[in-house]
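Below: the structure, in structure tokens.
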Amino acid sequence: MILKKNIPVGLCSDHAGFELKSIIDGYLLSQGIESKDFGTYSADSCDYPDYAHPCALAVENGEVFPAIAICGTGNGIGMTLNKHQGIRAALCWNTEIASLARRHNDANVLVLPARFIAPEVALQIVDVFLSTEFEGGRHQKRIDKIPTH
Ligand code: RB5
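The numbering of the sequence shown is numbering that gives the first Met the number 0, which starts it at 0 and goes up by one.
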């Protein structure tokens, strides 16, 4: 597990990801994993940056680790998260990509496309993401070159 002691997993979504976020939150609870939910808190239409930015800041300052972010496609919320220098948010739609996002990219946010994956697949992806370590080595120098300042 990549979880850090006494540090919750961050969650954020827009309205399109609200239902899947609730399912994942319940799953984490059932596994004894603490979470911190940055919203949205209903299925009412909203703007993903309003939830992605606070969640990204919380990952950057160590308040949560890792985070799981969800919108309809995963793209809008992922684009927003990746504006933050300390965020490596990876859009994942199967377990192999989730594994590689951890092993090669040391992704600190898992991004899920709620409208394009079944909830059971999403939970499998969450399991893989939370249990796969970064390989370091040649991948470390590559991720060191990602920030623009
Ligand atoms: C909302 O309709 C949808 O545009 C949003 O969830 C996301 O897919 C944007 O990238």
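Ideal Cβ positions, reconstructed from N, Cα and C, are used throughout, including at glycine.
For residue j and residue i, the rounded distance between their alpha carbons
i: V110; j: D49; result: 16 Å
i: D46; j: A88; result: 18 Å
i: S21; j: R101; result: 23 Å
i: S12; j: T72; result: 11 Å
i: T39; j: A57; result: 16 Å
i: E59; j: P146; result: 13 Å
i: S41; j: N5; result: 27 Å
Residue i vs residue j beta-carbon contact at 8 Å
i: I86; j: N104; result: no
i: A113; j: G16; result: yes
i: L27; j: A55; result: no
i: I124; j: N93; result: yes
i: Q84; j: H138; result: no
As assigned by DSSP and simplified to three states, the class of residue i
i: L10; result: strand
i: D36; result: strand
Segment limits, beta strand (DSSP E) that includes residue i
i: L2; result: No beta strand (DSSP E) holds L2; DSSP gives it neither H nor E.
i: I67; result: A66 to C70
i: A89; result: A88 to L90
i: P112; result: V108 to P112
Assumed close pair residue i, residue j - CB separation to whole angstroms, cut-off 8 Å
i: L10; j: D36; result: 5 Å
i: V8; j: V63; result: 6 Å
Run of the alpha helix (DSSP H) containing residue i, from where it starts to where it stops
i: D126; result: P118 to S130
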